[in-house]
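Residue numbers (this note's numbering): 39 to 612. All residues carry an ideal CB built from backbone N, CA and C; glycine is no exception. Beneath this line is the structure, given in structure tokens, with notes to follow.
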């Protein structure tokens, strides 16, 4: 196994670099093809999420592999290599396995313990299988990473170590002055996007007591579906869908905006927000009396409610807001776990932090521990960076519009935090705030699981590495037996079938007994660290044909890939 990973994440690079280096779906496909075309790489997989871009490859040369993978990342990300290099980290062999298993368990997430990264890893494996860039090593690695992540979540309380990124963002909007439930009670919210993260945001807002959730999305059917789920959730929230063209109007009447789309440009500019506040009376709070909330004074005659709104529900919402309470929590956040849609390419819950650098030069190939320290340097540098905190005004200006941007690249212009009355929380400020979040004791248990699984994976891979050599040795022995039995037939033609069978079986038993102890022992030795050389020794001692060993390896690899694709296809069918 010569596993190499080169990448950058929220622990090593600032948000500005991650934004520019983000990969589109087409860019990921092209990157994989070009990586396989590069001479040092035999297999490749790319893990690209909102907060990390990592290229995994099976390489035969370390230095050549690092140089090639770094160059390819720069070419396909659009960031110059000399600019990207200071933020890259490298892991090799067991350290690379340890890194991916830690990522799968949520230990490397901005919000520790988040499980959405498992979906990203599954997508990475599926893409590698579809494009035939993932061979036996990467198939085994990513499938095991998924199992390790699931084990961590089922056997420990790692889920309690962190929280939903949405909830964390809402806490930052509330600035810690009051519980999120009290802060959100009675507020009107606009959710832009209807993908997995936007759906989670809408569900969380309903759960913590928002009175109304408006969903804006470029695909009307997805927005309508999300609204149906919210209405049926049992939280009592009023929900409706609007087209993207109506966002400007909705900004004039809502209190909170959460945006997470897959747009490549800004969804909300500073001018959009400033114009909305200019047409919005302050303060913007839910009226205490029952009835529908409107941005303008009530007309002389009762106003018609928007389609789908129950007057009794609206009255309940108003009463709850007036009392400063919230409606019952029916667990809506746990019901919205749909797959990422076209509005967001699987935006995960672990988002990038802005700090830290990692060295990429001066690597000694004989010192594998150095590879792991590069990423650690990024984390240490992050701790040295000053905390800017949530982007907001420190002059006591009342917050009239709270904005939560969970997109990468960003949806909302960072300059809006300069507008009086606006509070912005984005990926960068969340990363800064999360660096000071307490770590749960369960993290130590997960680290123990990761360490055990890395050791087991390495032993299995090393043992599998020698299997083709053992198979080739036994095939050679069987061929020798057949040749000797044939020679015996020529010298003793009078042997009957029973006698010939007995002689043949005796010779085979002798050969099997002679080979049994060495082959069992060599597998045990090969599974230990540093045991890769035993396969070479076995081939040298018995003068095995390298082509015969290679043919066994190719056959095993084809069988493994076929089984992996069959598993993936059956998973799709289900």
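In this structure residue 235 is buried. Its beta-carbon is surrounded by 16 or more other beta-carbon atoms within 10 angstroms. Residue range 480-529 is occupied by the alpha helix (DSSP H) that includes residue 485. Only exposed fits residue 552, as fewer than 16 other CB atoms lie within 10 angstroms of its CB.
Here residue 543 is exposed. Its C-beta has fewer than 16 other C-beta atoms within 10 Å. Around the beta carbon of residue 245, 16 or more other beta carbons sit within 10 angstroms, so the residue counts as buried.
With contact defined as three or more Cβ pairs closer than 8 Å, the segment 96-104 and the segment 61-74 are not in contact. About 13 Å separates the beta carbons of residue 81 and residue 162, which is beyond the 8 Å limit, so they are not a contact pair. Membership of residue 457 in any alpha helix (DSSP H) is not indicated, and neither H nor E is assigned to it by DSSP. With 16 or more neighbouring CB atoms inside 10 Å of its own CB, residue 47 falls in the buried class.
Following the DSSP letters along the chain, one finds residue 46 inside the beta strand (DSSP E) bounded by residues 41-47. Three or more pairs of CB atoms, one per stretch, sit closer than 8 Å, so the segment 294-302 contacts the segment 440-460. Taking all protein chains shown into account, residue 506 has 16 or more neighbouring C-beta atoms within 10 Å of its C-beta and is therefore buried. Looking at the DSSP output, residue 129 shares a beta bridge with 43. Here the C-alpha atom of residue 584 lies approximately 11 Å from the C-alpha atom of residue 576.
Under the three-state reduction of DSSP, residue 297 is assigned to strand. Contact between the segment 256-271 and the segment 222-240 is present: 3 or more CB-CB pairs across the two stretches fall below 8 Å.
Going by C-alpha positions, residue 489 is about 17 Å away from residue 41. With respect to residue 492, residue 139 sits close: the two C-beta atoms are nearer than 7 Å.
Note on geometry: alpha-carbon atoms of residue 212 and residue 294 lie some 11 Å from one another. In the three-state reduction of the DSSP assignment, residue 441 falls in the strand class, which pools E and B.
Listed in chain order, the non-local C-beta contacts of residue 183 below 6 Å within the same chain comprise 138, 139, 142 and 159, local neighbours out to five positions each way being set aside.
Bridge partners of residue 96 according to DSSP: 41 and 81. Under DSSP, residue 278 takes part in a beta bridge, and its partners are 252.
Fewer than three beta-carbon pairs drawn from the segment 145-155 and the segment 164-178 are found closer than 8 Å, and the two stretches are therefore not classed as touching. With respect to the C-alpha of residue 72, the residue from 215, 196, 268 and 109 having the closest C-alpha is 109. Assignment of beta-bridge partners to residue 228 by DSSP yields 252 and 295. Contact between the segment 221-230 and the segment 247-255 is present, with at least three C-beta pairs closer than 8 Å. Selection 486, 521 and 496 evaluated against residue 190 yields 486 as nearest (Cα-Cα). Contact annotation: residue 204 and residue 238 have beta-carbon atoms nearer than 7 Å. In the structure shown, residue 185 falls within a helical segment according to DSSP collapsed to helix, strand and coil. Counting along the chain, the unbroken alpha helix (DSSP H) around residue 235 starts and ends at 234-245.
Beta-bridge annotation (DSSP): residue 90 is paired with 47. Annotated three-state conformation of residue 306 is strand, per DSSP.
Here residue 460 really is in contact with residue 454; their C-beta atoms are around 5 Å apart, less than 8 Å.
Distance from the CA of residue 209 to the CA of residue 218, rounded to the nearest whole angstrom, comes to 6 Å. Contact between residue 127 and residue 45 holds, with the beta-carbon distance rounding to 6 Å and staying under 8 Å.
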